[in-house]
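Enquirer: Following this message is one structure expressed as structure tokens.
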Amino acid sequence: MTYPPTELEIARTPDGDRRDGHEGGVGGGGTAPDAVVAPTPSGGRVWRALRHDPAAVLCLAYIGLVVLMAVFAPLIVRVSGWSPYEFDQSAIDPNLGGVPLGPWGGISAEHWFGVEPGSGRDIFARIVYGARVSMVIALSATALTTVLGTTFGLLAGYFGGKVDQVVSRVMDFLMAFPALIFMIAVLSALPAGNRSTLLVVVISVFGWPYLARIVRGQTMSVSRREFVEAARASGASGARVVFTEILPNLRSTIIVMVTLAVPGYIGTEAGLSFLGVGVVPPEPSWGQMIASSVSWYSVVPTYFAIPGLFLFLLVLSFTVLGDRLRAVVDSGEAR
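Numbers 378 to 712, taken from our numbering, label the letters of the sequence shown in order.
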């Protein structure tokens, strides 16, 4: 990285003297240390940099569309006229095993994305409610992972010693464990009730060590800086030093990691639902819809293509947005 908040930056005044580049640093003018922590880019500057990037704007627009679908799902399906659990037997041909009537999987003014083969449920309504399921699980898992990873990473990096040893060994164990196999085993053994909550918990348990390891390393670096030593010398408590001096300098790194984590959790939820241990029918999920469409893809390809396209674009949008955000922070465009 060029300008991560935990690396060194040398700031020179116009007359050639060195000065501290961090507002919380110690000293000033020619007596300040050469190496200081780079200031964290403000949200406004990051936004100004991203809005001039066409790819980032397109990704934000699609993510915003999916979020709106998830938030206003009941209103949207009321406008479309079909709920995600309602069967329309008149839209399928029982003599052909439930193949949708009409071209492109039954797409019509009544069913905007066609209907599910065999059941006649409206695909548009299930896509809308599937967006709600995917976003709620992914964002909840990301929030829980961020809290756990940041907290344990800060504790291990700042206090060191036995605290670091315990947290690091737990992280090593969870990162070395075959997470997907364990998720499948746990979710298969647990009751089907409240499966969304179980998915969030299981995904978070295996997800937090990756963020915690990065936060730990950067906390160890920042905790040696002069402005942290000054805070300690002034009598600040450990909690105050961690949350007012160290954590603000890790903000950009955490935001980038969170942005890149969301698509991974969306894919994990879809994969578990595809394998039959995720969201339980009849609750709609994009991964579950893709799994159901496997036996119909040669007859009704739109049943496979539509949820697959929505899932692909959402994962791609978060991934590209995270990449662009990281590039902005690294290149210093947001400074």
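All C-beta atoms, glycine included, are put in the ideal place defined by N, C-alpha and C.
Write down every uninterrupted run of the beta strand (DSSP E) in the stretch 527-564 whose length is 3 residues or greater and which is fully enclosed by it, in chain order.
Expert: Counting whole runs of 3 or more residues, the stretch 527-564 contains no beta strand (DSSP E) stretch at all.
Enquirer: Let me confirm a value: residue 474 is counted as buried when at least 16 other C-beta atoms fall within 10 Å, else exposed. Which label applies?
Expert: Exposed, by the Cβ-count rule.
Enquirer: Using CA atoms only, rank isn't needed, just tell me which of 470, 494, 459, 580 is closest to residue 487.
Expert: Comparing Cα-Cα distances from residue 487 to each of 470, 494, 459, 580, the minimum goes to 459.
Enquirer: Could you tell me which uninterrupted alpha helix (DSSP H) segments, each at least 4 residues in length, are contained entirely in the stretch 625-683, listed from first to last along the chain?
Expert: If we require 4 residues or more, the alpha helix (DSSP H) runs fully inside the stretch 625-683 come out as 628-651, 663-670.
Enquirer: Looking at the unbroken alpha helix (DSSP H) that takes in residue 603, where does it start and where does it end?
Expert: 603-610 is the extent of the alpha helix (DSSP H) around residue 603.
Enquirer: What do you reckon, are the CB atoms on residue 680 and residue 494 nearer than 8 Å?
Expert: Contact flag set, yes.
Enquirer: Using CA coordinates, which residue listed in 457, 497, 609 is at the minimum distance from residue 463?
Expert: If we check each option's Cα against that of residue 463, 497 comes out closest.
Enquirer: So residue 716 packs on residue 656, CB below 8 Å; how close in whole Å?
Expert: In the structure as shown, the chain starts at 378 and stops at 712, and residue 716 therefore has no counterpart that could be examined.
Enquirer: When you compare each of 667, 703, 636, 666 to residue 695 by their alpha carbons, which one comes out closest?
Expert: Of 667, 703, 636, 666, the residue nearest in Cα terms is 636.
Enquirer: Restricting to Cα atoms, I'd like to know which of 554, 553, 579 is closest to residue 565.
Expert: Residue 565 has its Cα closest to that of 579, out of 554, 553, 579.
Enquirer: So, under 8 Å CB-CB, residue 519 and residue 638 are touching, yes? Tell me the CB distance rounded to an integer number of Å.
Expert: Contact holds; Cβ gap of about 5 Å.
Enquirer: Roughly how many whole angstroms lie between the Cα atoms of residue 465 and residue 499?
Expert: Those two C-alpha atoms are separated by around 8 Å.
Enquirer: Does the contact criterion of 3 or more C-beta pairs under 8 Å hold for the stretch 585-601 versus the stretch 526-542?
Expert: Yes, the stretch 585-601 is in contact with the stretch 526-542.
Enquirer: Helix, strand or coil: which one does DSSP assign to residue 379?
Expert: Per-residue confidence for residue 379 stands at a pLDDT of 39, beneath the threshold of 50, marking its modelled position as unreliable; no derived number is given.
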